[in-house]
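Chemist: Pasting a structure below so you can have a look.
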Amino acid sequence: MTLDRWIALAFIAFCCVYGYAAFFTMDQSLPRILQRNPVWPSTFPKMLAVAGIIVGLIVLFTAKSKAGQQTEKTDGVMDITRLGEYRIGQALALVALMLAYALALRPLGFLGSTVLFLVLGAMILGERRLQVLVPVAVLAAGSIWYLVQEVLGIFLRPWPAFLL
Amino acid sequence: MLEGILIGLATAVTPFNLVMVVLGCVIGTLIGMLPGLGPMSIIAIMIPVAIGIGDPTSALILLSGVYYGAIFGGSTSSILLNAPGVAGTVATSFDGYPMARKGQAGKALTIAAIASFAGGTIATILLMIFAPALSTVALLFHSAEYFALMVVGLSAIAAFAGTGQVGKALMMTILGLMLGTVGEGALSNMPRFTFGMMELQSGFSFITLAMAMFALPEALFLVMNPARAATDAGGKITGLRITRAEARAIAPVIGRQSLQGFFIGVLPGAGATIASFLGYAVERNIAKGKEQEEFGHGSIKGLAAPETANNAACTGSFVPLLTLGIPGSGTTAILLGALIALNVTPGPRLMTDEPDVFWAVIISMYIGNLVLLILNLPLIPYIAKILTIPRTYLIPFILFFTLMGSYIGQNNPTELLILVAFGVVATILRFADYPLAPLLIGFILGTMLEDNFARAMQLYRGFGFILERPMTLALLVTAVILVLLPSYRARRARKRAEGVADGD
């Protein structure tokens, strides 16, 4: 089974959970007065769940694998069959770094976590010249913070939580 | 109309708004050149800035400047490096890059600049003529028709997705609609599908979703496959001039493609990418003999056609956005979200209620086109330098701006976790060839769709409105036809192919 069919299957499963919530759990908390309305908060989700399951089944049973059609493989096009040639490790490391950034943003402050993010991100991609990298990261983080906080007036905590 | 133009001129030609146009074009051009950041991601990044301005007119002027600039910047990197930064400029690289390799990079960029300028300007005139007419028709619409119209829009987006993709596009649309139901509904204020989490009470932020659908997967693809961004600096740029004979050759192409591109842009779901490919294909079919063979090997007509068409289509896609409140593409969907955040509801009332917003945007389109022409011609050699930034620096910065875009709006780190999670899912969906623009359009239209549906249901005490209002019924039938037509035609083609095989 190809990846797009697995996704269709997962989508159908998702629709079932969504539909279950809409059909069986949502109306319980509905006040009596609202029950006389022709449309309930769950009406639209119910329709979506049914439509989703139908479309999901259609895709599941009609999706054709494109492997036979696409013979010409150019460099820019992403293709799941060549997954092994791609730098999955780097991509996963960057995803992990983004998650770490999200968690560190509050406790470390904007400036510290951003500089770390930019430096570590570049190092994951193979950059080793720290004497260039660190000043660039500090400059970028500083100027973005200035732009957002001072020019646009949106609060960004610059320093770690225990300093401010 | 003249009165409107004057209102627009008065609003658009203030020093602040002029600065916004220039700034938008410069930012759009600069970021549009970076591979992987299309107009959709750039506008999504710029939205917090635009909302920060506060004035909807200035914000929309800035964002449309960015939109034009991004399409324009994309063509620069397509021509110089064969690295289209934007899907709409892929067709530009078919003939632009061969020209650059032949040492005609300067000429190619000049033709691209002039074609874009002409396409954008002609389409803006068409927009001025057709938008008011469309919006008078739109005033006849009630909530039942709005509901039906949005269903048509969503099915059109799925139907134009291409052969074999209709089911997938529909699936993504429904997923988007489902994501749109998370949070408190407008009619009942009952939290839905929040699983008791406070963060989901107000639903998903559309900036987060936009970033996760477009910017993050592209950036991750760039990481995984370095060949996707071949950022080796191109050759020298010389000879900006085009001869009189060449100008005469491309003039009819520009005329035809401005019209065609504009009307393709008006259709929901088509947009600049389809317009540019179709423009290229049509011009290649029209061209005769030797000229036709030149297509793909550096034909000036082959370069002018997609460049004109994609800019004209960008303008065209503003028609349904401004007059009906229906975004025709992912980019205008993001613009719609920005407008709603700025307390402007696009729709048939926009022209009468807030004519200054409407006309100022149209006038600023002219100014934006002019600014782009002035910007592109002398600055081309310098602009190309940004592409030589090594990818080890480029990618962390793209990721950082993506994260910032959704963090600034909410000031909530949980939003970033949601962003990364959706981004990973979107990357997997991209691998499996699922289109992601329908998901975002479904998400943004979802709330409005449900509101209008609920209002019609309450007015007619049930599903009666579908039969009682002929226009609603007609629109819904159209939607069904739109969805079924591609698969019917595919089946007929398959049957015919089988029949031929039997006959042999």
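Sequences listed follow chains P and B, in order. Counting from 1, one number per residue, gives the positions in the first sequence under my numbering. Counting from 165, one number per residue, gives the positions in the second sequence under my numbering. We put the CB at the ideal spot given by N, CA and C, even for glycine.
Check residue 70 of chain P in the structure and name its three-state DSSP category.
Modeler: On the first sequence, position 70 is the one that residue 70 of chain P refers to. Because residue 70 of chain P sits at a pLDDT of 43, beneath the cut-off of 50, its placement in the model cannot be relied upon, and the point is left open.
Chemist: Between the C-alpha atoms of residue 60 of chain P and residue 420 of chain B, what's the straight-line distance to the nearest angstrom?
Modeler: Mapped onto the first sequence, residue 60 of chain P falls at position 60. Mapped onto the second sequence, residue 420 of chain B falls at position 256. Using only the alpha carbons, I get a separation of about 42 Å.
Chemist: Measure the Cβ-Cβ separation of residue 331 of chain B and residue 62 of chain P and say whether it is below 8 Å.
Modeler: The residue given as residue 331 of chain B occupies position 167 in the second sequence. The residue given as residue 62 of chain P occupies position 62 in the first sequence. Contact: yes.
Chemist: Where does residue 89 of chain P land, buried or exposed, given buried means 16+ other C-beta within 10 angstroms?
Modeler: For the purposes of this step, residue 89 of chain P is taken as residue 89 along the first sequence, with counting starting at 1. Exposed, since its Cβ has fewer than 16 Cβ neighbours within 10 Å.
Chemist: Please indicate yes or no: does the CB of residue 269 of chain B lie closer than 7 Å to some heavy atom of the ligand ADP?
Modeler: What this structure holds is no ligand at all, so the ligand ADP is not there to describe.
Chemist: Taking C-beta pairs closer than 8 Å, name the residues in chain B that residue 127 of chain P reaches, listed in chain order.
Modeler: Here residue 127 of chain P corresponds to residue number 127 of the first sequence, with the count starting at 1. Neighbours of residue 127 of chain P on chain B, chain order: 554, 556 and 557.
Chemist: Can you look up residue 443 of chain B in the DSSP assignment and give me helix, strand or coil?
Modeler: The residue labelled residue 443 of chain B in the question sits at position 279 within the second sequence. Residue 443 of chain B: helix per DSSP, three-state reduction.
Chemist: Does residue 575 of chain B pass the burial test, meaning 16 or more other C-beta atoms within 10 Å, or should it be called exposed?
Modeler: Position 411 of the second sequence, counted from the first residue, corresponds to residue 575 of chain B. With fewer than 16 Cβ atoms within 10 Å of its Cβ, residue 575 of chain B is classed as exposed.
Chemist: Could you please give the first and the last residue of the uninterrupted alpha helix (DSSP H) stretch that includes residue 168 of chain B?
Modeler: As a position in the second sequence, residue 168 of chain B is number 4, starting the count at 1. 166-176 is the span of the alpha helix (DSSP H), which, as asked, contains residue 168 of chain B.
Chemist: Hey, how far is the Cα of residue 265 of chain B from the Cα of residue 659 of chain B?
Modeler: Looking up residue 265 of chain B in the second sequence gives position 101. Looking up residue 659 of chain B in the second sequence gives position 495. So the two alpha carbons sit approximately 45 Å from each other.
Chemist: What separation, rounded to the nearest whole angstrom, lies between the Cα atoms of residue 67 of chain P and residue 156 of chain P?
Modeler: The sequence position of residue 67 of chain P within the first sequence is 67, counting from 1. The sequence position of residue 156 of chain P within the first sequence is 156, counting from 1. Confidence at residue 67 of chain P is low in this model, with a pLDDT of 44, below 50, so its placement is unreliable and no value can be given for it.
Chemist: Can you tell me whether residue 395 of chain B is helix, strand or coil according to DSSP?
Modeler: Position 231 of the second sequence holds residue 395 of chain B. Its pLDDT being 41, under 50, residue 395 of chain B is placed unreliably by the model, and nothing is read from it.
Chemist: So, at 7 Å on beta carbons, what are the nonlocal neighbours of residue 589 of chain B in its own chain, with the 5 sequence-adjacent residues on each side left out?
Modeler: In the second sequence, counting from the first residue as 1, residue 589 of chain B sits at position 425. Result list for residue 589 of chain B: empty, nothing under 7 Å.
Chemist: For chain B, find out if any of its Cβ atoms is closer than 8 Å to the Cβ of residue 116 of chain P; answer yes or no.
Modeler: As a first step, residue 116 of chain P must be located in the first sequence, where it is residue number 116. False, the Cβ-Cβ gap to chain B never drops below 8 Å.
Chemist: With a Cβ-Cβ cutoff of 8 Å, do residue 336 of chain B and residue 650 of chain B count as a contact?
Modeler: Numbered from its first residue, the second sequence carries residue 336 of chain B at position 172. Numbered from its first residue, the second sequence carries residue 650 of chain B at position 486. Not closer than 8 Å, so no.
Chemist: Going by DSSP in three states, residue 126 of chain P sits in which element: helix, strand or coil?
Modeler: Locating residue 126 of chain P in the first sequence gives position 126, where the first residue counts as 1. Note: residue 126 of chain P maps to coil in three-state DSSP.
Chemist: Report the residue ranges of all alpha helix (DSSP H) runs contained in full by the segment 341-375 of chain B; include only those spanning at least 4 residues, in chain order.
Modeler: 370-374
Chemist: For residue 253 of chain B, go through chain P and note every residue whose CB falls closer than 8 Å to its CB, in chain order.
Modeler: Residue mapping note: residue 253 of chain B aligns to position 89 of the second sequence, counting from 1. Those within 8 Å of residue 253 of chain B in chain P number zero; the least Cβ separation is about 13 Å.
Chemist: Compute the distance between the beta-carbons of residue 231 of chain B and residue 192 of chain B, then report whether it is under 8 Å.
Modeler: Sequence index remark: in the second sequence, residue 231 of chain B carries index 67 (1-based). Sequence index remark: in the second sequence, residue 192 of chain B carries index 28 (1-based). Closer than 8 Å, so yes.
Chemist: Let me see if you follow: with CB-CB separation under 8 Å, is residue 13 of chain P close to chain B or not?
Modeler: For the purposes of this step, residue 13 of chain P is taken as the residue at position 13 of the first sequence. Not closer than 8 Å to any Cβ of chain B, the Cβ of residue 13 of chain P fails to qualify, so no.
Chemist: Can you give me the C-alpha to C-alpha distance between residue 365 of chain B and residue 630 of chain B, rounded to a whole angstrom?
Modeler: Against the second sequence, residue 365 of chain B aligns to sequence position 201. Against the second sequence, residue 630 of chain B aligns to sequence position 466. The alpha-carbon atoms of residue 365 of chain B and residue 630 of chain B are separated by roughly 32 Å.
Chemist: List the whole-angstrom C-beta distance separating residue 498 of chain B from residue 207 of chain B, where the pair is believed to meet the contact cut-off of C-beta under 8 Å.
Modeler: The residue given as residue 498 of chain B occupies position 334 in the second sequence. The residue given as residue 207 of chain B occupies position 43 in the second sequence. Correct: roughly 5 Å between the Cβ atoms.
Chemist: Could you tell me the alpha carbon to alpha carbon distance between residue 319 of chain B and residue 44 of chain P, rounded to whole angstroms?
Modeler: For the purposes of this step, residue 319 of chain B is taken as residue 155 along the second sequence, with counting starting at 1. For the purposes of this step, residue 44 of chain P is taken as residue 44 along the first sequence, with counting starting at 1. Between residue 319 of chain B and residue 44 of chain P, the C-alpha separation is close to 17 Å.
Chemist: By Cβ distance, which residues of its chain are closer than 8 Å to residue 423 of chain B, with the 5 residues on each side in sequence left out?
Modeler: Counting from 1 along the second sequence, the entry for residue 423 of chain B is found at position 259. Within the same chain, residue 423 of chain B has close Cβ partners 286, 290 and 476.
Chemist: Could you please tell me which residues of the segment 257-281 of chain B, in chain order, have their CB closer than 8 Å to any CB of chain P?
Modeler: none
Chemist: Give every residue of the same chain whose Cβ lies closer than 7 Å to the Cβ of residue 76 of chain P, excluding the five residues on either side of it in the sequence, and list them in chain order.
Modeler: Here residue 76 of chain P is taken as the residue at index 76 of the first sequence, counted from 1. Any reading at residue 76 of chain P must be qualified, since the residue scores a pLDDT of 49, below 50, and its modelled position is unreliable; no value is offered.
Chemist: Would you say residue 610 of chain B and residue 339 of chain B are within 8 Å of each other, going by their C-beta atoms?
Modeler: Walking along the second sequence from the start, residue 610 of chain B turns up at place 446. Walking along the second sequence from the start, residue 339 of chain B turns up at place 175. Going by C-beta atoms, residue 610 of chain B is not nearer than 8 Å to residue 339 of chain B.
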